[in-house]
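Heads up, the thing below is written out as structure tokens.
Residue numbers (our numbering): 8 to 1202.
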């Protein structure tokens, strides 16, 4: 900072004094001043670069340390009920980045007060006390910058809240896209997202306008301060000439650095302080007090719980204090309600204890109590031996399949192979592209629930622990796979281990050594299976009901063993749950991983991307108009400098003055004329500045909104194959991170780049006009800078892309670890994951450091070249005769060239930042230009009547379907006729083609051959919207979207309130909705909020009733509800859809025994089609086998 003052102030003042008093100065004095100026400038560049380097290194170290400190606390937590997973990950990512930014820029503000004091004293020495006017104006600008920063932060926070809502809605759209397409709700979601985007844009415009104004006035502040100072100075009649005017101007120009950096640095420091407070509160979170005794009194017992009462919250916990931020949950209770009350049981060593009970009875809480995740109020808990834990929701972390199974244990190949076999993973590993070395990411999103659960089970079995806590491990398997795993893994592989098995599959209870029945957090019954059955209590009631209504449990989430490995979205709404959509060779080459890894093959932005952005902004004419405004603004700024030079060149004007007063502006008779034009120029300058800011923001946000809406339109109209092969997170990042960069960061850096480029061009042109010989140095400078950019630009951007890619595993690992704390704690693997994260953080830190060092090195070279450019200009100023070029004009050239050295580093950085941000534009354009509409292949469209279909008859004529090219046929030459109004039950084993039949009817996949006729109309000849709007589906997993009750039932407002209430009454939901505060206008969040699963399913049934379709599909609509709700749904279906054609895809055979016909599929072919009574009387029929398998337990 001191060198900046010396170069811009002292040496410039010396050079100008030298050229004005040549008679009293020597040749060598001028030469020394010129070389002194360039030396000081080079010294400043070196010091600034060294400061950046030290700050970068320190900031990256502190960032990693901050992240590891928070991670060490998080991974030590046994429960995170007081802090959400998102909040924990936010501390490790966003907050650590804020600390890095504060360390990077914070130290630069420390010398600012000293620089202000020195500059103010020196300008007062040169000019007079009126120089304080300029400093006062500068202080006003600094205060304005702080005000702008606060306003920007305020509007950005409000915009962030709207953005979060938009991204959440887009996420819902992507997750439930199949169901949305079936409902034909694409337009409703598109309108809703665009409406949210409109509100978001309004808020972003306010923030961006203020930010743009803040950036634009920084270069204008020096000339405005100088103008005001000189006008007041001359109005007071104080002396001023070239030797005093330009040093003041250069000093004010050097202080522009303060104006630009100070608000940003202070804002970062403030945000870092908030981040540190968040980390502090995270560190202060306490674990439950240890209460498990490591040894049991009875040596033959593995687990003993005696009269234990446990709760999820700390007893006598004080009320939430007011100063807590959102890191700590604001919904904690001061009143402690125990989850388990007076529980007593003993698990003997080597025995299998089965735990059962209704939903909410405390089964999972029992397991959590053995993991010390709860608070013990009374009683005792003892565990003798090490624990292996399998959670109900399978946990997969970022790593290979083998890493997930071994979890840090040494590899014992024979034991490993036995575990793989007993957990039925051999077939899965054969179809994975790299076997057990296949990388899993995003919580194993491309694996089925069954595959993830088997990997988690294999992890538990391989760990070879003493006590096994299994929380409903068989829920994700069909009857065959579940039976095999129970027999081969739990019974045989874990023989001799102590096992506590929580399950809803009651057919396995008779094979448990003991049974524990829970109800409302208490032990209702305990004993052997036969003893409890003889007692005819609650357990006997559960078993009796289970035998009467036991479903044929097939896989719920995805296909087992032969399912598509490359599916990108887990859609709980409507799965192709039983389809064999292709072999591994269809989707993977030997070099492929399971997850498509991000790559950096196209790190440089093409000109076509810039052209497309210009088109999105409104076309080339609009873009040219914005460029002309920038040129006009810079021309106006240059005119202000030229007017000062023109005024100084006329000096005292026509007044008679002594030799000592020559050049004194205050003595000019036309003083008021010059002052007036100064004021006019300031007014014009500020006006153009405002116009430029307003137009620029409107155009850039119009461009980003156009790209967003085009992307949304393309994605939402894409076929299902696109969503099956593209991970959700990758699409979502285009709507979140990429959109944020296009909205805010890219326009900001582009604005800085254009402004500095115009200033640089202006400086080069003015210097070339004043000294024509400067054309040669300017040409050399441009050539060398272009060569440097050509050499460094690609590599620096490549480093940035590599850094972004290396950051993804860190975030994925942090997220997965935060979600799997219970598992990590139970296996005592905190050290392994800490070591793994350290390795990933080190790799990311290396890439981050190299990227910043590369950018700073290029900026240093550019700064050095520009600093060297001051030498020829300074020499020309000193040695060119005043008769050839007047001193004010030469002073103008010197003033401009010094500005070049202070602007070059920021200009180079902005250039690189703009190109990096344009990668987000390119990524969006890949989807916009690459996605095909699902109707793109339909050449001819027929119109259908409003009342079509009138009957609901369905005919399949030689119908064939495959999900993708070269994949196996999933429906093979179906010949089938379903009569109008018929009730058809569709059953079959996993992979038989049941769900493919529904996919075919909705045309989610186009046929390979044959036709489907509905009331004689070929469904491929009509519009998709006409077809899907006439069909209704009730999915297995009920889905409610974020929005009002009415929006969830009727997003297009096509029905009256009376019709909606009538539908709710038929589904027994009228009373429930009536009790809500706002009734139909009540906002639903988190997939229905507090509504139960059964109530959500009834809401989905209400949707189908409102559509009043002639054809209704039921995809295991009662698989997730209890018996009472099942009965309600069955009654409603039988009454409301009496005149409709109903296709029921079910695993509960008893629900289709009353159907008119049963369709049995196997390998995509019709094997049986007859009345259920006829098929039951044929012992050799596949339907009879399926019916008998439904009530067959393990042998």
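Think of the CB as a built atom: it goes at the ideal place given N, C-alpha and C, for glycine as much as any other residue.
Between residue 871 and the set 925, 903, 791, 649, the nearest pair of CA atoms involves 791. Ranking 1012, 692, 417, 1161 by CA distance to the CA of residue 1182 puts 1161 first. Taking a cut-off of 8 Å for Cβ pairs, the segment 73-81 and the segment 907-915 do not touch, as fewer than three such pairs fall below it.
Annotation for residue 260: the continuous alpha helix (DSSP H) segment containing it runs 249-261. Scanning its chain for C-beta atoms nearer than 8 Å, with the 5 sequence neighbours on each side dropped, one finds around residue 1014 the residues 966, 967, 968, 1007, 1027, in chain order. Within a 10 Å sphere around the beta-carbon of residue 1052 sit 16 or more other beta-carbons, which makes this residue buried. Proximity of the segment 162-182 to the segment 233-242 falls short of the contact definition, fewer than three beta-carbon pairs being nearer than 8 Å. DSSP lists 967 as the beta-bridge partner residues of residue 1016. Per DSSP, residue 540 is not a residue of any beta strand (DSSP E); the alpha helix (DSSP H) it occupies stretches across 536-542. Distance check between residue 698 and each of 495, 648, 636 places 636 closest, using alpha-carbon atoms only.
A contact between stretches requires three or more CB pairs, one per stretch, nearer than 8 Å, and the segment 677-696 fails this requirement with the segment 180-190.
Here residue 221 has 152, 155 as same chain residues with Cβ atoms under 7 Å from its own Cβ, once five neighbours each way along the sequence are excluded.
When the beta-carbon positions are compared, residue 1112 and residue 1151 stay at least 8 Å from each other. The Cβ-Cβ distance between residue 877 and residue 44 falls below 8 Å. Annotated as proximal: residue 477 and residue 506, with beta-carbon spacing under 8 Å. Pairing residue 749 with residue 216 gives a Cβ-Cβ distance that is not under 8 Å. Looking at the DSSP output, residue 363 bridges to 524. Cα atoms of residue 401 and residue 492: separation of roughly 16 Å, rounded to the nearest angstrom. Note: residue 394 is bridge-paired with 474 in the DSSP secondary-structure output.
Unbroken alpha helix (DSSP H) runs of no fewer than 4 residues, entirely contained in the segment 117-142, are found at 119-133, following chain order.
Sequence-distant partners of residue 1086 (beyond 5 residues in either direction) whose C-beta falls short of 8 Å from its own C-beta, in its chain, are 1052, 1080. With a contact defined as Cβ atoms closer than 8 Å, residue 468 and residue 429 qualify at about 7 Å. Residue 734 has its alpha-carbon roughly 18 Å from the corresponding atom of residue 936. Judged by beta-carbon spacing, residue 861 lies within the 8 Å limit of residue 803, meaning their Cβ atoms are closer than that value. Per the DSSP secondary-structure output, residue 884 pairs with nothing in a beta bridge. Annotation: residue 1164 is outside any alpha helix (DSSP H); the continuous beta strand (DSSP E) that includes it extends over 1164-1169.
Residues of the same chain with a CB within less than 6 Å of the CB of residue 399, apart from the 5 flanking positions on each side, are 478, 479 in chain order. A contact between stretches requires three or more CB pairs, one per stretch, nearer than 8 Å, and the segment 302-309 fails this requirement with the segment 137-151.
In terms of Cβ geometry, residue 848 and residue 817 form a close pair [threshold 8 Å]. Assignment of residue 890 by DSSP, reduced to helix, strand and coil, places it in the coil class.
Per DSSP, residue 191 is not a residue of any beta strand (DSSP E), being assigned neither H nor E. By a beta-carbon distance limit of 8 Å, residue 879 does not contact residue 27. Their separation comes to about 21 Å.
With contacts defined by Cβ atoms closer than 8 Å, residue 546 and residue 530 do not form a contacting pair. Taking all protein chains shown into account, residue 489 has 16 or more neighbouring C-beta atoms within 10 Å of its C-beta and is therefore buried. Taking C-beta separations shorter than 8 Å and ignoring five residues to either side along the sequence, the partners of residue 25 in its chain run 32, 36, 37, 40, 885, following chain order.
In the DSSP assignment, residue 1172 falls within the beta strand (DSSP E) that extends over 1172-1177.
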